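Numbering (the numbering used here), first residue to last: 1 to 309. Structure first, then comments.
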């Protein structure tokens with residue numbers, strides 16, 4: 001007969017090992033970046049030499065052209081930091097704001113020494129109206145966190161100055177989509193976040209630097225597509241990072257696949273090379289939408305490397 005008296009001890013040892021492993025992983029974020037997360041009161045992670053600070057708009061219920069769109073579909077604001085010249089960090093970010101928040105947040109950023117490099121829409125026909133504000137700064141991580149905090153603290157807490165219209169009714173809601181089929185068509189792995197499947201493709205071929213810092217996919221130099229819905233009735237939204245010579249081929253490709261172009265603009269000021277960003281939106285069978293995204297990234301100089309945004 002086997003002696004089971006040692007099982008509790010083995011189980012305890014296994015649990016301790018798991019706890020140690022989790023503790024080690026939690027300590028992978030450098031201490032100076034842990035301080036940033038604490039100052040801002042936000043969660044984040046550290047990968048590819050970049051601290052990514054999550055500022056999702058979970059407080060908003062957004063309907064885009066009749067599609068119920070969860071936060072991961074395109075409303076996850078963020079700030080990112082990485083090492084630049086002279087022991088300083090470069091910070092970039094994309095803040096998700098409703099109309100009443102735009103100018104108070106902009107003032108808070110500018111008054112505290114940060115730059116606002118772009119303000120634009122990513123969607124048409126959304127309720128409530130959403131705007132995206134790109135941010136840049138250069139300094140010590142702790143200083144950048146203090147500079148950003150007044151603006152971050154305003155998000156979701158600016159009193160409305162206008163009577164909002166009745167919320168839109170969703171005609172397409174999140175369901176189950178064939179992730180394997182999307183991956184097969186696009187040729188890149190993605191990441192599942194609730195009902196949203198998102199594929200992010202970096203533009204490492206551009207070798208972009210800002211104040212000595214390499215600007216990679218996690219710092220915002222990427223092309224992505226987010227899918228939601230069902231196989232028969234899905235929606236896609238995303239962003240394409242392009243060189244100037246790639247803009248027209250990408251536009252022609254998207255329109256030939258029945259995808260709506262929503263905005264064309266810059267996210268960064270004074271970058272070399274100049275990078276143009278394009279936001280798009282489409283509805284239809286998920287295979288058709290995945291094929292449109294694949295055809296789009298095929299127009300870029302290099303497809304880049306897949307990366308979780």
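A virtual CB, placed ideally from N, CA and C, is assigned to each residue, including glycine. All of these numbers come straight from a predicted model, not from anything done at the bench.
Pull up the distance between the alpha-carbon of residue i and that of residue j, whole angstroms please.
i           : j           : result
residue 249 : residue 261 : 13 Å
residue 209 : residue 273 : 9 Å
residue 43  : residue 73  : 19 Å
residue 222 : residue 102 : 24 Å
residue 121 : residue 98  : 10 Å
residue 283 : residue 32  : 43 Å
residue 23  : residue 190 : Its pLDDT being 37, under 50, residue 23 is placed unreliably by the model, and the measurement read from it follows with that caveat. The straight-line gap from Cα to Cα measures roughly 27 Å.
residue 207 : residue 104 : 35 Å
residue 301 : residue 245 : 10 Å
residue 95  : residue 77  : 5 Å
residue 251 : residue 172 : 26 Å
residue 325 : residue 48  : Outside the displayed span of the chain (1 to 309) sits residue 325, for which this structure offers no information.
residue 52  : residue 287 : 31 Å
residue 57  : residue 156 : 8 Å
residue 41  : residue 194 : 23 Å
residue 152 : residue 259 : 33 Å
residue 145 : residue 135 : 13 Å
residue 328 : residue 114 : Missing from the structure shown is residue 328; the chain here goes from 1 to 309 and no further.
residue 294 : residue 139 : 38 Å
residue 89  : residue 233 : 43 Å
residue 128 : residue 167 : 7 Å
residue 68  : residue 110 : 34 Å
residue 228 : residue 243 : 28 Å
residue 280 : residue 192 : 20 Å
residue 147 : residue 137 : 9 Å
residue 269 : residue 126 : 28 Å
For residue i, I'd like the list of residues in its chain whose CB is within less than 6 Å of its CB, leaving aside the five on either flank, ordered along the chain.
i           : result
residue 247 : 276
residue 199 : 186, 188, 190, 225
residue 29  : 46
residue 124 : 262
residue 59  : 156
Would residue i pass as a contact of residue j if the rule is Cβ separation under 8 Å?
i           : j           : result
residue 174 : residue 70  : yes
residue 213 : residue 84  : yes
residue 196 : residue 226 : yes
residue 289 : residue 236 : yes
residue 133 : residue 92  : no
residue 310 : residue 219 : The first residue shown for the chain is 1 and the last is 309, placing residue 310 beyond what the model contains.
residue 257 : residue 292 : yes
residue 75  : residue 130 : yes
residue 330 : residue 142 : Shown here, the chain extends from 1 to 309; a query on residue 330 therefore has no answer.
residue 50  : residue 80  : yes
Any beta carbon from chain B within less than 8 Å of residue i's own beta carbon?
i           : result
residue 246 : Considering every chain present, this structure includes no chain B. It has just one protein chain.
Near residue i, what residues of its chain come up, given a Cβ to Cβ distance below 8 Å and the 5 sequence neighbours on each side ignored?
i           : result
residue 169 : 63, 66
residue 100 : 158, 159, 160, 161, 162
residue 154 : 101, 104, 105, 108
For residue i, I'd like the list of residues in its chain whose CB is within less than 7 Å of its CB, leaving aside the five on either flank, ordered along the chain.
i           : result
residue 150 : 108, 112
residue 38  : none
residue 265 : 118, 120, 277
residue 299 : 246, 249, 250, 253
residue 231 : 177, 178, 285, 286
residue 296 : 240, 250, 253, 254
residue 215 : 208, 209, 221
residue 271 : 208, 210
residue 54  : 42, 43, 44, 76, 78
Determine the extent of the alpha helix (DSSP H) in which residue i is found, giving its start and end residues.
i           : result
residue 195 : Looking at the DSSP string, residue 195 is not in any alpha helix (DSSP H), and its letter there is neither H nor E.
residue 99  : 99-111
residue 314 : Because residue 314 is not part of the residues shown, which for the chain are 1 to 309, the question remains open.
residue 35  : 31-40
residue 289 : 286-297
Would you kindly report the start and end of the unbroken beta strand (DSSP E) that includes residue i?
i           : result
residue 186 : Taken as a continuous stretch (DSSP letters only), residue 186 belongs to no beta strand (DSSP E), being part of the alpha helix (DSSP H) at 179-186.
residue 46  : 44-47
residue 52  : 50-56
residue 212 : From DSSP, residue 212 is part of no beta strand (DSSP E); its letter is neither H nor E.
residue 120 : 115-120
residue 88  : Unbroken run through residue 88: none, as it is neither H nor E.
residue 61  : Careful: residue 61 lies outside any beta strand (DSSP E) and carries neither H nor E.
residue 69  : 67-69
Original post:
Of all the beta strand (DSSP E) runs that stay within the bounds of the stretch 122-166, which reach a length of 3 or more residues?
Top reply: 130-139
Original post:
Which ranges would you report for the beta strand (DSSP E) in the stretch 239-283 if only whole runs of at least 3 residues count?
Top reply: 260-265
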